[in-house]
Every structure is written in C-alpha cells, then in structure tokens.
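Student:
Number of protein chains: 2
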Amino acid sequence: MDSKTQARYRARAKVIKAMAHPSRLLIIDQLIEGEQCVFELTEMIGADKSTVSKHLSVLREAGIVQDEKRGLQVYYSLRVPCITNFFSCVEAVLKSNTEAQGAIG
Amino acid sequence: MDSKTQARYRARAKVIKAMAHPSRLLIIDQLIEGEQCVFELTEMIGADKSTVSKHLSVLREAGIVQDEKRGLQVYYSLRVPCITNFFSCVEAVLKSNTEAQGAIG
DNA sequence: TCAGTTGTTGGCTATAATGCCAATTAGCAA
DNA sequence: TTGCTAATTGGCATTATAGCCAACAACTGA
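Structural data, given as structure tokens:
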C-alpha cells in the first residue's frame, strides 16, 4: 500500500473519528435542523461550555461544521448537508477540505 | 434529554468509533470485496498480527464484522453490506445487534 | 469606561486507545 | 506425540481523548 493510499485512509479516519462521540453526534443531529449557537448547544448537551466548545473545534477541524460569529454568539452549521450517506459524505467533506485548502494555498 | 436518547447516541458513537481508524477502514474496504482471513489482512496492513487481531475484535464487538473459523484460519466478513450509507448503516448495525441480543437473551 | 455575556484557550487529571512482544490456544500433519 | 502455522490474549509503555476549572478575549449596552 502506497503512502497516498495511507494518507487517504488517515483523512477518512479523521472525519469519522470527529463524529465518534455521543455529544458530537448530538450536535450534528441538531445542526441538521439548522444553525445553532454554542450557548444553545451547551444547554442541550449539559456539559461545561468549554467542553462543548472543544467538541465543536473537533468538528470544525474535520470540516464537518463551520462557524460564523454574529454579535456575542458564534453560530455553527453543517458544512456538508449529507449525513445520511456515509462514505459519500466522508468523501464530500474531504473534497470540500481539499477545495478549501486550494483556496487558501 | 432522557437516558434512552443518551444510550442511543452512545450506541451510535460506538459503531462509528469502531470505524474511526485507518487500519479498520482499510479492513472494511477489503471486506467489501469478500471475506478474508486474519493472515491476509495482516499482510495487507503491515502491522503485527496481534494488532490486526485487536482491530478485528473492535469491529466484531461493534457488530460490523463477523468471524468464522475454518481450519487454521479465521475468516472475517461484513455483517452489514451497506457501507455507502452512513446513519442508515449505523442503524442497521444497531438493529442487527438488537436482534442478535434478542436471539441470545 | 465598566459590567455583563458568550466563547475560546490553557492547564490539569483521569481515562481510553494503540501497538508492540511474549505467551497461549487451536488446529493440521507427520 | 511432536512440530508447525494461525490467531488470540495478557502485559506493558506510549500517546490521544475527555472534561472540568480558571483565565482570557470579544462583543454589547448602560
């Protein structure tokens, strides 16, 4: 197996790993309904706001959600609408990540 | 959020977590093509056989794969054929787990 | 400016995951 | 039985993850 293939599996695993937590799955489920701010998500989850903020960082770094600050609140929303599709979703996120990287670099 | 809902998210997370590793994703991809024994998977992954065996345990305990011993070899295969579907796949695994539990208990 | 609110980050501890080697189990074949 | 191969399990060290509190940053509004 070449290093390119390995990198592909590592990237896939990162996205899936980002989803592999009850609170983060809950966040994703909530965001399917529409954007929510950290405060709302924190109330729903019932953990410390710092904990929720870190969960959101994980999802953001995996390319699953995006954030937008409006006033005091930071609103989070799904970056990729497909949640019912598994690998096609993972691939779409990876594609989206790649495109975002291309836009930066 | 009630405890039933929490349990549902924990169960989902367990299945996703089982997939959240490059080697395990590779194993799943291989098993889409058909069953394979631990020896074949070990050669492909290039890790110690004990490591691969433990990865397979994780997948088995999550209900993603099943094993069958034939002679010296243990053959692993996908328990749920859908890999392209994400949550529908997770749900199918959970349903399958529940049915298996019902068959035991 | 000052106080209040929302989020993020740093630091810390506790827990879980990873992967190796060594030892063991299980089956096959002389 | 003896030797060989396939796979699992135990033990261990290393690393990653989780979640709390405290501190800080960013914005609002009096």
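Note that the protein sequences, when read in sequence, are chains U and L. With our numbering, you'll find the first sequence wraps up at 105, consecutive numbering, no jumps. With our numbering, you'll find the second sequence wraps up at 210, consecutive numbering, no jumps. Where a beta carbon is used, it is the ideal one built from N, C-alpha and C, also for glycine.
In chain U, what lies closer than 7 Å to L:L130 by C-beta?
Tutor: What L:L130 touches in chain U: Y9, R12 and A13.
Student: What is the DSSP secondary structure of U:V80, counted as helix, strand or coil?
Tutor: Three-state DSSP puts U:V80 in coil, outside helix and strand.
Student: Count the C-beta pairs between the stretch 121 to 134 of chain L and the stretch 163 to 174 of chain L that are closer than 8 Å, then say yes if the count reaches three, no if not.
Tutor: Verdict: yes, contact present.
Student: Using a 10 Å radius around the Cβ and a threshold of 16 neighbouring Cβ atoms, would you call U:S57 buried or exposed?
Tutor: By the neighbour-count rule (16 or more Cβ atoms within 10 Å), U:S57 is not buried but exposed.
Student: Secondary structure at U:A18, three-state DSSP: helix, strand or coil?
Tutor: It is helical.
Student: Check for me: the alpha helix (DSSP H) holding L:R140 runs from which residue to which?
Tutor: Going by the sequence as given, residue 140 of chain L is Glu instead of Arg. No alpha helix (DSSP H) contains L:E140, which DSSP labels as neither H nor E.
Student: According to the Cβ coordinates, are L:E138 and L:S182 closer than 8 Å?
Tutor: Cβ distance not < 8 Å, so L:E138 and L:S182 don't count as in contact.
Student: Flag this pair as yes or no: are the beta carbons of U:Y9 and L:L177 separated by less than 8 Å?
Tutor: No, the Cβ-Cβ distance between U:Y9 and L:L177 is not below 8 Å.
Student: Can you confirm whether L:K122, when its beta carbon is compared against all beta carbons of chain U, has any partner nearer than 8 Å?
Tutor: With 8 Å as the cut-off, L:K122 counts as an interface residue toward chain U.
Student: With a threshold of 8 Å on Cβ separation, who are the neighbours of L:C142 within its own chain once the five nearest residues in sequence on each side are excluded?
Tutor: Cβ within range, chain order: Q178, V179, Y180 and Y181.
Student: Nearest to L:P127 by alpha carbon, out of L:G151, L:K174 and L:R175?
Tutor: It is L:G151 whose Cα lies nearest to the Cα of L:P127.
Student: Here's the rule: buried if 16 or more other CB atoms are within 10 angstroms of the residue's CB, otherwise exposed. What is U:K14?
Tutor: Buried is the call here.
Student: Mind listing the chain L neighbours of U:A62? Cutoff is C-beta to C-beta under 9 Å, in chain order.
Tutor: Residues of chain L passing the Cβ test: none, with the nearest at roughly 11 Å.
Student: Report the rounded CA-to-CA distance for L:S158 versus L:R175, giving the unit in angstroms.
Tutor: So the two alpha carbons sit approximately 16 Å from each other.
Student: Pick out whichever of L:R184, L:T110 and L:H160 has its Cα sitting closest to the Cα of U:D29.
Tutor: Measuring from the Cα of U:D29, the nearest candidate turns out to be L:T110.
Student: Measure the alpha-carbon distance for U:R24 versus U:T42 and round it to whole angstroms.
Tutor: Near 11 Å, if we compare the C-alpha coordinates of U:T42 and U:R24.
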